[in-house]
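Trainee:
In our numbering, the protein residues as written are 61 to 348.
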């Protein structure tokens, strides 16, 4: 078996930034367990598998494809950066002729459209509801110790816990914060939480480029200690920070070591457009 495979850095304008994802193009149906084996071999936060929906489809002319995402440990229901990477492969490497691509996924239909030197993803917008601190106190204390917390929200649709740090902290604090992810699956083992978002309000009057909010994302429950840039987390963050800031258009930065920028626009239909750049850093053939 030979599969075309690409590695794409997503939510970045240059190679070796943002979040890398592997993208595999499936000409034929793949054995179910092979998806996980390939994802484990690629050993990136996510490996995306693009598949044809009909025998007459082709990757250059067709505009609608199936899409699945796997971490090295398991399949996940939504991955923004690997969707961005998949669209970049089809648009920029396969030379797909369409301006809009539709992906049929576990999270419904997702669209990606060309936008000058970037790609815009149309993602669901997930609300996050107030969460009682005492119910998640052990999780938070294990993860960040006595770090001051300003707000806690929970997204039942994504099973992500959003923890807003005190506005007294600066970006550098979030960037340098040591987060204990190793013990989290033992502390929270009910299945309620599958991802931890730490977020911080942007700093007014910054000398560098202004951002409305910052974040970091951790998902040891699905085999990811820290994810560099996370589209699905921003489907939750966008809802929260739009409410807090009274804005529909926002500029976000995920403060991982690699870092990534996201342009966000909330839509009237209750979804969110997330715009980001990409860089294809590897292309080849996977042989199994």
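We put the CB at the ideal spot given by N, CA and C, even for glycine. Just so you know, these numbers come straight off a predicted model, no measurement behind them.
With burial defined as no fewer than 16 other Cβ atoms inside 10 Å of the residue's Cβ, what is the status of residue 141: buried or exposed?
Mentor: On the chain shown, position 81 is the one that residue 141 refers to. Its Cβ being crowded by 16 or more others within 10 Å, residue 141 is buried.
Trainee: Can at least three beta-carbon pairs, one atom from the segment 198-215 and one from the segment 168-184, be found at a separation below 8 Å?
Mentor: These segments do not touch.
Trainee: Do three or more CB pairs link the segment 122-136 to the segment 317-333 at distances below 8 Å?
Mentor: They do not touch, by the three-pair rule.
Trainee: Hey, could you find the ends of the beta strand (DSSP E) residue 310 is sitting in?
Mentor: For this step, residue 310 is matched to residue 250 along the chain shown. Segment 309-314, the beta strand (DSSP E) holding residue 310.
Trainee: Just curious, the beta strand (DSSP E) that residue 343 is in, first and last residue?
Mentor: As a working mapping, residue 343 is identified with position 283 in the chain shown. Looking at the DSSP string, the run of the beta strand (DSSP E) that includes residue 343 is 338-347.
Trainee: If you draw a straight line from the alpha carbon of residue 285 to that of residue 119, how long is it in whole angstroms?
Mentor: Residue mapping note: residue 285 aligns to position 225 of the chain shown, counting from 1. Residue mapping note: residue 119 aligns to position 59 of the chain shown, counting from 1. Spanning the two alpha carbons is a distance of roughly 34 Å.
Trainee: Measuring CA to CA, which of 305, 137, 188 and 175 is closest to residue 163?
Mentor: Along the chain shown, read from residue 1 onward, the residue named residue 163 stands at position 103. Measuring from the Cα of residue 163, the nearest candidate turns out to be 137.
Trainee: Give the secondary structure of residue 196 by DSSP, where H, G and I count as helix, E and B as strand, and everything else as coil.
Mentor: The count along the chain shown starts at 1 and reaches residue 196 at position 136. In the structure shown, residue 196 sits in a helix (DSSP, three-state: H, G or I).
Trainee: Could you give the residue range of the beta strand (DSSP E) that holds residue 180?
Mentor: The residue labelled residue 180 in the question sits at position 120 within the chain shown. Where residue 180 is concerned, the enclosing beta strand (DSSP E) stretches over 178-184.
Trainee: Quick one: residues in its chain with C-beta nearer than 7 Å to the C-beta of residue 300, no 5 flanking neighbours on either side, listed in chain order?
Mentor: Sequence index remark: in the chain shown, residue 300 carries index 240 (1-based). Closer than 7 Å at the Cβ level, and outside the excluded window around residue 300, lie 188, 213 and 222.
Trainee: Distance check for residue 206 and residue 182, CA to CA, integer angstroms please.
Mentor: Taking the chain shown and counting its residues from 1, one reaches residue 182 at position 122. Taking the chain shown and counting its residues from 1, one reaches residue 206 at position 146. For residue 182 and residue 206, the distance between alpha carbons rounds to 37 Å.
Trainee: Taking 8 Å as the threshold, find out whether the segment 146-156 comes into contact with the segment 65-76 through three or more Cβ pairs.
Mentor: Yes, the segment 146-156 touches the segment 65-76.
Trainee: Roughly how many whole angstroms lie between the Cα atoms of residue 298 and residue 283?
Mentor: As a first step, residue 298 must be located in the chain shown, where it is residue number 238. As a first step, residue 283 must be located in the chain shown, where it is residue number 223. Approximately 24 Å between the Cα atoms of the pair.
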